[in-house]
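Novice: This is the structure I want to talk about, given as structure tokens.
6 protein chains.
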Amino acid sequence: MSNRPAHQLRPIKIKRHYTRPSPGSVLYQSGGTTVLCTASVAKDVPPWMKGQGRGWITAEYNMLPGSTSPRKQRERGGKVDGRTTEIQRLIGRSLRAIVDLDQLGERSLTVDCDVLEADGGTRTASITGAFIALVDALRSVQKELPDPKRLPLTDSIAAISVGIVNGQPTLDLDYAQDFAAAVDMNIVMTGNGRFVEIQGTGEEATFSDSQLAAMLKLAKSGIAQLKEIQHQALGKAWPF
Amino acid sequence: MSNRPAHQLRPIKIKRHYTRPSPGSVLYQSGGTTVLCTASVAKDVPPWMKGQGRGWITAEYNMLPGSTSPRKQRERGGKVDGRTTEIQRLIGRSLRAIVDLDQLGERSLTVDCDVLEADGGTRTASITGAFIALVDALRSVQKELPDPKRLPLTDSIAAISVGIVNGQPTLDLDYAQDFAAAVDMNIVMTGNGRFVEIQGTGEEATFSDSQLAAMLKLAKSGIAQLKEIQHQALGKAWPF
Amino acid sequence: MSNRPAHQLRPIKIKRHYTRPSPGSVLYQSGGTTVLCTASVAKDVPPWMKGQGRGWITAEYNMLPGSTSPRKQRERGGKVDGRTTEIQRLIGRSLRAIVDLDQLGERSLTVDCDVLEADGGTRTASITGAFIALVDALRSVQKELPDPKRLPLTDSIAAISVGIVNGQPTLDLDYAQDFAAAVDMNIVMTGNGRFVEIQGTGEEATFSDSQLAAMLKLAKSGIAQLKEIQHQALGKAWPF
Amino acid sequence: MSNRPAHQLRPIKIKRHYTRPSPGSVLYQSGGTTVLCTASVAKDVPPWMKGQGRGWITAEYNMLPGSTSPRKQRERGGKVDGRTTEIQRLIGRSLRAIVDLDQLGERSLTVDCDVLEADGGTRTASITGAFIALVDALRSVQKELPDPKRLPLTDSIAAISVGIVNGQPTLDLDYAQDFAAAVDMNIVMTGNGRFVEIQGTGEEATFSDSQLAAMLKLAKSGIAQLKEIQHQALGKAWPF
Amino acid sequence: MSNRPAHQLRPIKIKRHYTRPSPGSVLYQSGGTTVLCTASVAKDVPPWMKGQGRGWITAEYNMLPGSTSPRKQRERGGKVDGRTTEIQRLIGRSLRAIVDLDQLGERSLTVDCDVLEADGGTRTASITGAFIALVDALRSVQKELPDPKRLPLTDSIAAISVGIVNGQPTLDLDYAQDFAAAVDMNIVMTGNGRFVEIQGTGEEATFSDSQLAAMLKLAKSGIAQLKEIQHQALGKAWPF
Amino acid sequence: MSNRPAHQLRPIKIKRHYTRPSPGSVLYQSGGTTVLCTASVAKDVPPWMKGQGRGWITAEYNMLPGSTSPRKQRERGGKVDGRTTEIQRLIGRSLRAIVDLDQLGERSLTVDCDVLEADGGTRTASITGAFIALVDALRSVQKELPDPKRLPLTDSIAAISVGIVNGQPTLDLDYAQDFAAAVDMNIVMTGNGRFVEIQGTGEEATFSDSQLAAMLKLAKSGIAQLKEIQHQALGKAWPF
């Protein structure tokens, strides 16, 4: 298990424009976890949104078979498993929370988060990386948007995990820590420090008020750092 | 929309032994929401648990087609939708948090939560009702358990929703309130006041620290009342 | 096994308006069998019927997991099993036989028969209860029908099982009787005493002309009683 | 539409040993309907029958895409449709009614009825042809049966349709007659004149006692003729 | 295993108009392999081709359960297996190679190849038989085609297998030869001697340049004979 | 479209050990096509191979949604499409042709080829990259093999596409060339110059003997170069 201090993030590397076919394409690495986030834009919306002039954002999440040891079976049998469904719904909701869908026009953005290596925190890495891919994808169609002078974003967004490991509140759990954690929490926050999602689960365990407070505090400091890292990665493309 | 005070639960009715085939069978009504919770016991466990001497608890959630207006399509096409999957995983985790699985022996409990009428809060009603069905199902096999002198329960459990509706923290959202809410949170807590799950979601919105605190406070008071109502329904069968 | 006389129906209880979201909602209990029949109306028809000005009626049948002991697995795997398919097709055909589809306008009625407790005769209970739910659902849209002065019904309908148990023709088989029966027959008849369906099956057995005649006689007397019970339950809503 | 007299069967042709891989292989033609019935034997039984020393018989029914005009879509989408399911369950039950499963040993017979040309009456042709294929398949393993001196058959079996067409009771409906029929009935009977199945359906219509009696009388005369035709086709292989 | 000379085709029998509902219906037998090829015509095209004035040809391939010993399981589970998919794509591409789709108008031809008996070479028999069924189906709509004076065919087409069996290049492998073959090759050629498909596979083996040349030579001589046999079967209907 | 000479390969980059969880992990880039090939080893074999002491190799192929523009839909609906099935069967057969399965012991190797960027030739890139991943995966278990002194490989393997573009035989088609090609051929050959697979398809076109000869010649020269590139990438790990 990691011997990082309990309040420290794992080292992060970000490569923008990692692949060519998608306008947003970010390779996001956090310790032993690597996610390829690609963002695509299409000029249509789901049937239930047609004619409203608004856009939509959806996300898909997938772990490549070689991303774990032993190999993970491919999800092709017609049933997307429950964990996958939960994660991709979470990513989608998180991104929609900071996008002004009215300013997208009738466009769909799809963000695909394909995990190349999994060592814990794949859903939070997906959200943090997806924001960067989203910015690049929005920039690729900026000129065609209702208001081409600004990107239709109200805030930035990032996510981090936090938990109680060996009785201690701990930031950014790797796989071994996650496995050992009594409580596991994922926090999605905006760059301005507002909550988008809190998902805390006692894994056959429970937690107290004070433990909750300690975890939230750690998470906020982690999110603040992630915002800086996103800002650096985007450089002049940072939209605020 | 309801004109209950924002801190008040909807009226609750509970019928135990509602149907005969399952040892636990509870009709749980909260306002316009009615859930039939049945708990069954089988003398085996999933393949990955065999030979460990421990038990397992799993839950399934379903809305009957006539539970909503317009009619809800039956989930038979081979894809259980994402929302259903999330809810039944939540119910299962919540129940496992307060059961001593080692004291079950190699038994599987399955709790089925079938929604007969849906008016918001079906997942929290399912958990609160499922606890009662679980107690009755455990009592039906108590004599065969490793320790027949006590039920293998470490605490009771209940759940409630809370949200921000028209800017105001509000307890126990009905469908109209849930639809109007900017933030929607489901809290699962034990009778002793410890958290099992916190799931808070800004629906294309965000929330602040103080809003989070206000919602948690409301939820705690609601859970305390639900514990009393569960206690009354179980009467002498209350296991603590 | 029951010690009813072989020509006597099991006791029946009927609750109309059992749940609120559907215009027709009937809890139908016959001995240890309980079916919730809900009837919904939608203002469209299947694609192959569009533009003809006629309506359509379809039915779905389902057993809740807790309706049997041991628990019945939920049909979610994408394959609706053969027995379920047969039963819901039978219910739909039976209802269509007494409805004047031309007088419905382009409307679809869906009748859902969800079995809460199963002790034999679930398909015949479904049909008998569904007729009552159908009447209530039709009344809820009566004012909008092509001819608002009358309901578009040509007759009432009910169904009962009959069989050869221990060599004796027997009415209204419960589960134990059905299991023991050499021949199992389901009869659907109108209130005016005309046949809609006869489905008789030797279960790895055969039956003679005289046995057939004896079973048909029993069934007719049972159906006549069911018509009276339906009439009482509907009271002034009885449409003839 | 056919101008046969209403009480006359369509002309029938039977080819045994039509294909080589299956021990029973019968091409059964009745008017414009052609079914290839093949019967295979395997030395195992379904899991729920293991260790009982008994055998099992199951049937599958399928219409080839070119058997109808316009072409019928192939059932490959994972959902076997309701009609197909009903028919293959009917064929299986009918055959099991005249086989002594105890005398099969732990063997499974599978009878496949693949319709090459469809002009009404495919299910009854399947049963009548399947009996012949079954006899040939049983003969191929006769020496290995518990009692090799006789085939494990208690009777022969055949099936025919009957209906009310233009108000007249009519035997052996072709497609045009079936389409026009107000009532449609399929009768499965043994060579000794006992009923195995009666399935009568008013197609959005109803029928009276006397109509039922007239249809049953026609069916019996048709079944008696079919028995003679089966006997001729089997020649010395006729097992009684 | 066959004792044919290695360069000789198996005996071939062809029956046109084998069944009535489809305009093209050919029973094609090659040794112990029998395929029923039916060709249907519909007056529409797939959505992605609408409005172009061109037609389309597609093929489906299926082995009947009784076509092999032991019985082959029916492909109904929602997954068409890989081998089936490959074969039906091959048949479709082969036929499209010699049809002038522009001269079809907006029509779809579907060719169904249902294997009644399988003894090797079912895919090549399917193609060779399908060509004849295709000609008959095209003739049935010839008067409605853009140019009714000629069939929209640029060439004939046939297919044959060839392989290395016991070190020797061998034509037209039956099942036993195919099983023993180190290399297995299917060749699709036009009547004018041009290649449409070459699919050669070392089955856990490899092959040299000279072996390839020998196999191609054998295949060409086989295809030339098949063309003559097709010509005879079609007689005056031969379109060139 | 590319202005490479028609006989020249696209530039190739290979990174071994690209991800950590799988023992073989190769990022293979050829022009605008990038495939991640990961090879995993498990200590079991499919049921039909148990107890034979032999191993097995299987492959899966997948295109990531962001690998094409417009985005490619994820294959999750329960139907793996025909093209995917064909490709992954081809990769598996190709690898098995050069592995001595008897010397693997009862082990399964799974090679996953996930396409990150698609610009033509993804199946041939998958095979060429998979060989390198396979060598690394075999080396990771070499000590446990029946003969730990050598890898169980009989030859190397690589694959390349070739076609007729604008009438000219052309090596290594990119997407634009493939789209324009009248004939498209994929050749799999061993390092020693023996064929494993030839798959040549006239896309609604045909080809002559001399065109076939020209394409085979180009393919051989391409494969020879690929062997050198594989050798360099593996360096001392080259197994021959």
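Chains as they are written, first to last, in my numbering: chain A, 6 to 245; chain B, 6 to 245; chain C, 6 to 245; chain D, 6 to 245; chain E, 6 to 245; chain F, 6 to 245. Glycine included, C-beta positions come from ideal geometry on N, C-alpha and C. Predicted model, so just to flag it, every value in this text is computed and none were measured.
Does the separation of the CB atoms of Ala-238 (chain B) and Ile-137 (chain B) fall below 7 Å?
Specialist: Mapped onto the second sequence, residue 238 (chain B) falls at position 233. Mapped onto the second sequence, residue 137 (chain B) falls at position 132. Contact flag set, yes.
Novice: Assign Lys-232 (chain C) to buried or exposed, taking buried as 16 or more other Cβ atoms, counted over all protein chains shown, within 10 Å of its Cβ.
Specialist: Indexing the third sequence from 1 puts residue 232 (chain C) at position 227. Residue environment analysis places Lys-232 (chain C) among the buried positions, since at least 16 neighbouring C-beta atoms fall within 10 angstroms of its C-beta.
Novice: Within the continuous alpha helix (DSSP H) that includes Tyr-180 (chain D), where are the two ends?
Specialist: Start at 1 with the first residue of the fourth sequence, and residue 180 (chain D) comes out as number 175. Tyr-180 (chain D) -> alpha helix (DSSP H) spans 180-185.
Novice: Which of helix, strand or coil does DSSP assign to Ile-62 (chain E)?
Specialist: The residue you call residue 62 (chain E) lines up with position 57 of the fifth sequence. In the structure shown, Ile-62 (chain E) sits in a strand (DSSP, three-state: E or B).
Novice: Mind checking if Arg-199 (chain E) is an interface residue toward chain F, Cβ cutoff 7 Å exclusive?
Specialist: Counting from 1 along the fifth sequence, the entry for residue 199 (chain E) is found at position 194. Taking Cβ atoms only, chain F reaches closer than 7 Å to Arg-199 (chain E), which makes this a yes.
Novice: Please compile the residues from chain A whose C-beta is within a distance smaller than 7 Å of the C-beta of Thr-248 (chain B).
Specialist: Residue 248 (chain B) lies beyond the range of chain B shown here (6 to 245); nothing can be said about it.
Novice: Phe-200 (chain D) bridges to which residues according to DSSP?
Specialist: Looking up residue 200 (chain D) in the fourth sequence gives position 195. Note: Phe-200 (chain D) sits in a beta bridge opposite C:Phe-212 and D:Met-194.
Novice: Does the pairing of the region 39-56 of chain C with the region 64-78 of chain B give three or more beta-carbon distances under 8 Å?
Specialist: yes
Novice: Which residue from A:Ser-35, A:Glu-122 and A:Glu-65 puts its Cα closest to that of Arg-79 (chain F)?
Specialist: Residue 79 (chain F) sits at position 74 when you count from the first residue of the sixth sequence. Per the Cα distances, A:Glu-65.
Novice: Return the chain-ordered list of same chain residues with a C-beta closer than 7 Å to the C-beta of Asp-49 (chain D), the five sequence neighbours on each side being excluded.
Specialist: What you label residue 49 (chain D) is simply residue 44 of the fourth sequence in a count that begins at 1. The answer, listed in chain order, is Glu-111 and Ser-113.
Novice: Can we say the region 184-199 of chain F touches the region 197-215 of chain E, given the rule of at least three CB pairs closer than 8 Å?
Specialist: yes
Novice: Among A:Asn-67, A:Lys-222, A:Gly-58 and A:Ser-27, whose alpha-carbon lies nearest the alpha-carbon of Ala-142 (chain A)?
Specialist: Here the question's residue 142 (chain A) lines up with position 137 in the first sequence. Here the closest residue by C-alpha is A:Ser-27.
Novice: Can the beta-carbon of Met-194 (chain A) be found less than 7 Å from the beta-carbon of Met-220 (chain A)?
Specialist: Within the first sequence, numbered from 1, the residue matching residue 194 (chain A) stands at position 189. Within the first sequence, numbered from 1, the residue matching residue 220 (chain A) stands at position 215. For Met-194 (chain A) and Met-220 (chain A), no; Cβs fall outside 7 Å.
Novice: Give the interface partners of Thr-133 (chain F) over in chain A, defined as CB-CB distance under 7 Å, in chain order.
Specialist: Here residue 133 (chain F) refers to the residue found at position 128 of the sixth sequence. None at all; the shortest Cβ gap to chain A is about 18 Å.
Novice: Would you call the CB atoms of Ala-164 (chain F) and Thr-129 (chain F) closer than 7 Å?
Specialist: In the sixth sequence, residue 164 (chain F) corresponds to position 159, counting from 1. In the sixth sequence, residue 129 (chain F) corresponds to position 124, counting from 1. Yes, they are a contact pair.
Novice: Using the beta-carbon count (16 or more within 10 Å), is Asn-8 (chain E) buried or exposed?
Specialist: On the fifth sequence, position 3 is the one that residue 8 (chain E) refers to. Burial call: exposed.
Novice: Is the Cβ of Asp-117 (chain E) closer than 7 Å to any Cβ of chain D?
Specialist: Translated into positions along the fifth sequence, residue 117 (chain E) becomes position 112. Yes, Asp-117 (chain E) counts as interfacial toward chain D.
Novice: Examine chain F for any beta-carbon lying closer than 7 Å to the beta-carbon of Arg-15 (chain A), and answer yes or no.
Specialist: Here residue 15 (chain A) refers to the residue found at position 10 when the first sequence is read from its first residue. Cβ-Cβ to chain F under 7 Å: no for Arg-15 (chain A).
Novice: Within 7 Å of any Cβ in chain E, is that where the Cβ of Glu-111 (chain D) sits?
Specialist: Looking up residue 111 (chain D) in the fourth sequence gives position 106. With 7 Å as the cut-off, Glu-111 (chain D) does not count as an interface residue toward chain E.
Novice: Give the straight-line distance between the Cα atoms of Tyr-23 (chain C) and Tyr-33 (chain C), rounded to the nearest whole angstrom.
Specialist: Residue 23 (chain C) sits at position 18 when you count from the first residue of the third sequence. Residue 33 (chain C) sits at position 28 when you count from the first residue of the third sequence. Cα-Cα distance, rounded: 10 Å.
Novice: Assign Trp-53 (chain E) to buried or exposed, taking buried as 16 or more other Cβ atoms, counted over all protein chains shown, within 10 Å of its Cβ.
Specialist: For this step, residue 53 (chain E) is matched to residue 48 along the fifth sequence. Per the 10 Å Cβ criterion, exposed.
Novice: Looking at the structure shown, is Gly-73 (chain A) part of a helix, part of a strand, or coil, going by DSSP?
Specialist: Taking the first sequence and counting its residues from 1, one reaches residue 73 (chain A) at position 68. Just to set this straight, residue 73 (chain A) is Thr in the shown sequence, not Gly. In this structure, Thr-73 (chain A) counts as coil in the three-state DSSP scheme.
Novice: Does the region 154-163 of chain C come into contact with the region 98-109 of chain C, if we say contact requires no fewer than three beta-carbon pairs (one atom in each stretch) closer than 8 Å?
Specialist: yes
Novice: Closer than 8 Å, Cβ to Cβ, to anything on chain G: give me those residues from the region 67-96 of chain C, in chain order.
Specialist: The structure shown contains no chain G; the protein chains it does contain are A, B, C, D, E and F.
Novice: Could you tell me the alpha carbon to alpha carbon distance between Val-116 (chain C) and Lys-225 (chain B), rounded to whole angstroms?
Specialist: Stepping through the third sequence from its first residue, residue 116 (chain C) is reached at position 111. Stepping through the second sequence from its first residue, residue 225 (chain B) is reached at position 220. Their backbone Cα atoms lie some 41 Å apart in a straight line.
Novice: With DSSP as the reference, label Ile-2 (chain C) as helix, strand or coil.
Specialist: This structure cannot settle anything about residue 2 (chain C), because the visible part of chain C is limited to 6 through 245.
Novice: Which stretch, first to last residue, makes up the alpha helix (DSSP H) that contains Glu-91 (chain E)?
Specialist: Taking the first residue of the fifth sequence as position 1, residue 91 (chain E) is located at position 86. Glu-91 (chain E) -> alpha helix (DSSP H) spans 87-101.
Novice: Alpha helix (DSSP H) containing Arg-144 (chain D): first to last residue?
Specialist: Working through the fourth sequence from its first residue, we reach residue 144 (chain D) at position 139. Taken as a continuous stretch (DSSP letters only), the alpha helix (DSSP H) holding Arg-144 (chain D) covers 127-145.
Novice: Is there a Cβ from chain A that is less than 7 Å from the Cβ of Gly-172 (chain B)?
Specialist: As a first step, residue 172 (chain B) is located in the second sequence; it is residue number 167 there, counting from the start. Judged by the 7 Å Cβ criterion, Gly-172 (chain B) is not in contact with chain A.
Novice: To which residues does DSSP link Asn-67 (chain F) through a beta bridge?
Specialist: Looking up residue 67 (chain F) in the sixth sequence gives position 62. Asn-67 (chain F) is bridged to F:Asp-119.
Novice: Is it buried or exposed for Glu-122 (chain C), if we count other Cβ within 10 angstroms and need 16 for buried?
Specialist: Position 117 of the third sequence, counting from 1, holds the residue named residue 122 (chain C). The residue in question, Glu-122 (chain C), is buried, as its Cβ has 16 or more Cβ neighbours within 10 Å.
Novice: Between which two residues does the beta strand (DSSP E) carrying Thr-175 (chain D) extend?
Specialist: Here the question's residue 175 (chain D) lines up with position 170 in the fourth sequence. Taken as a continuous stretch (DSSP letters only), the beta strand (DSSP E) holding Thr-175 (chain D) covers 173-176.
Novice: Asp-124 (chain D) to Ile-19 (chain D), Cα distance in whole Å?
Specialist: Translated into the one-based positions of the fourth sequence, residue 124 (chain D) becomes position 119. Translated into the one-based positions of the fourth sequence, residue 19 (chain D) becomes position 14. Each residue's alpha carbon lies about 17 Å from the other.
Novice: Which whole-angstrom value is the C-beta distance of Gln-235 (chain A) and Thr-133 (chain A), which I expect to be below 8 Å?
Specialist: The sequence position of residue 235 (chain A) within the first sequence is 230, counting from 1. The sequence position of residue 133 (chain A) within the first sequence is 128, counting from 1. Contact flag correct, Cβ pair sits at about 7 Å.
Novice: What residues from chain F crowd round Leu-217 (chain E), counting only those whose CB sits closer than 7 Å?
Specialist: Along the fifth sequence, read from residue 1 onward, the residue named residue 217 (chain E) stands at position 212. Correct list: Phe-200.
Novice: Please state whether the Cβ-Cβ distance between Glu-149 (chain B) and Glu-91 (chain A) is less than 7 Å.
Specialist: By 1-based counting over the second sequence, the position of residue 149 (chain B) is 144. By 1-based counting over the first sequence, the position of residue 91 (chain A) is 86. Against a cut-off of 7 Å, the Cβ pair of Glu-91 (chain A) and Glu-149 (chain B) comes out as no contact.
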